[in-house]
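J.:
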Amino acid sequence: MRGPKYVEQDIIKKVCYAEQFQQHKFKLLNTKSDPHISKKHILLDNDKYQQIRANKFYTKLQVDLQKEQRLFKENAKILNRIVDIGNQKTFSSMPKKSVTRQSSANSIKSLNLSYRKQEAKKIVGENEKLMQRLQRTPSSFRNKDTILKDYKKTLELKNRISKYSQQNQQKMGKIVERLTKTTTNPKYSKINQSRTTAPTYKNSALSKLRIEPDTQQQKLQFPRIK
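The working numbering numbers the first residue of the sequence shown as 589 and each following residue consecutively.
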């Protein structure tokens, strides 16, 4: 067994620590919260809880109502189908009558039929008036001859330009051929080399000539100002 490394030998300190510990325990046992603050928290918590419960209740009601509406719609569709099937059976059992266009037109009449006829007549009359105006107005395309002349001139110019360009191409081709022939011949190559190289004057009289600078510089005298 190992004992504690440090043992308090001062008895007064031990007694003080014991009293402090007991006071701390007494405070912990007798602690109480502020009643006003606790009531506020409780009320807020209750309000939140009630709101949550109300929201849940309303959501459940909404879900139930949506389900009921869907069921009502489906039931209505089924009933309509059953009624249609019954009507088809009764219609098939009854004697059939020959249905013509006149009878169908007489049986079904729209409320706006007269108004539609009037509008159609108005539209037809307006279109006829526009056609008459267009026929009466003279054509604005009077300078037909001048336009045709200009067109012919443009065609002639195009032909000339195309011929001129072809002739130029032929001339350039001939010039290129001549140049290629001259470069391949040895005579022309020697002449070109002699032209390109600079002349030398080693043994000529010009090589012996030398330009010497004037050693005696002429002194210029200016009059002195006293």
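Beta carbons are placed, not taken as given, at the ideal position from N, Cα and C, and that holds for glycine.
From which residue to which residue does the alpha helix (DSSP H) around residue 731 run?
T.: Here residue 731 refers to the residue found at position 143 when the sequence shown is read from its first residue. Per DSSP, residue 731 belongs to no alpha helix (DSSP H) and is neither H nor E.
J.: What's the C-alpha gap between residue 664 and residue 658?
T.: Along the sequence shown, read from residue 1 onward, the residue named residue 664 stands at position 76. Along the sequence shown, read from residue 1 onward, the residue named residue 658 stands at position 70. So the two alpha carbons sit approximately 10 Å from each other.
J.: Residues in the same chain with beta-carbon distance under 7 Å from residue 757, minus the five sequence neighbours each way, listed in chain order, please.
T.: Along the sequence shown, one-based indexing puts residue 757 at 169. Cβ within range, chain order: n/a, list empty.
J.: Can you tell me whether residue 640 is helix, strand or coil according to DSSP?
T.: As a position in the sequence shown, residue 640 is number 52, starting the count at 1. Note: residue 640 maps to helix in three-state DSSP.
J.: Can you look up residue 786 in the DSSP assignment and give me helix, strand or coil?
T.: Within the sequence shown, numbered from 1, the residue matching residue 786 stands at position 198. Residue confidence for residue 786 is low, a pLDDT of 49 falling below 50, so the modelled location carries little weight and cannot support an answer.
J.: Can you give the Cα-Cα distance for residue 731 and residue 741, rounded to whole angstroms?
T.: Within the sequence shown, numbered from 1, the residue matching residue 731 stands at position 143. Within the sequence shown, numbered from 1, the residue matching residue 741 stands at position 153. Those two C-alpha atoms are separated by around 16 Å.
J.: For residue 618, which of helix, strand or coil comes out of DSSP?
T.: The residue you call residue 618 lines up with position 30 of the sequence shown. Residue 618: coil per DSSP, three-state reduction.
J.: Quick check: what's the CA-CA separation for residue 716 versus residue 698?
T.: The residue given as residue 716 occupies position 128 in the sequence shown. The residue given as residue 698 occupies position 110 in the sequence shown. Their backbone Cα atoms lie some 28 Å apart in a straight line.
J.: Report the rounded CA-to-CA distance for residue 700 versus residue 707, giving the unit in angstroms.
T.: Counting from 1 along the sequence shown, the entry for residue 700 is found at position 112. Counting from 1 along the sequence shown, the entry for residue 707 is found at position 119. So the alpha carbons of these two residues sit roughly 11 Å apart.
J.: Hey, quick one: how far does the alpha helix (DSSP H) through residue 715 stretch, first residue to last?
T.: By one-based count along the sequence shown, residue 715 stands at place 127. It spans 701-724 - the alpha helix (DSSP H) in which residue 715 sits, taken as one unbroken run.
J.: Pick helix, strand or coil for residue 598, following the three-state DSSP scheme.
T.: On the sequence shown, position 10 is the one that residue 598 refers to. The answer is coil: DSSP assigns residue 598 none of H, G, I, E or B.
J.: Run through DSSP, which three-state label would residue 750 get?
T.: Residue mapping note: residue 750 aligns to position 162 of the sequence shown, counting from 1. Residue 750 falls in the helix class under three-state DSSP.
J.: Rounding to the nearest angstrom, what Cα-Cα distance links residue 650 and residue 639 in this structure?
T.: As a first step, residue 650 is located in the sequence shown; it is residue number 62 there, counting from the start. As a first step, residue 639 is located in the sequence shown; it is residue number 51 there, counting from the start. Approximately 16 Å, taken between the alpha carbons.
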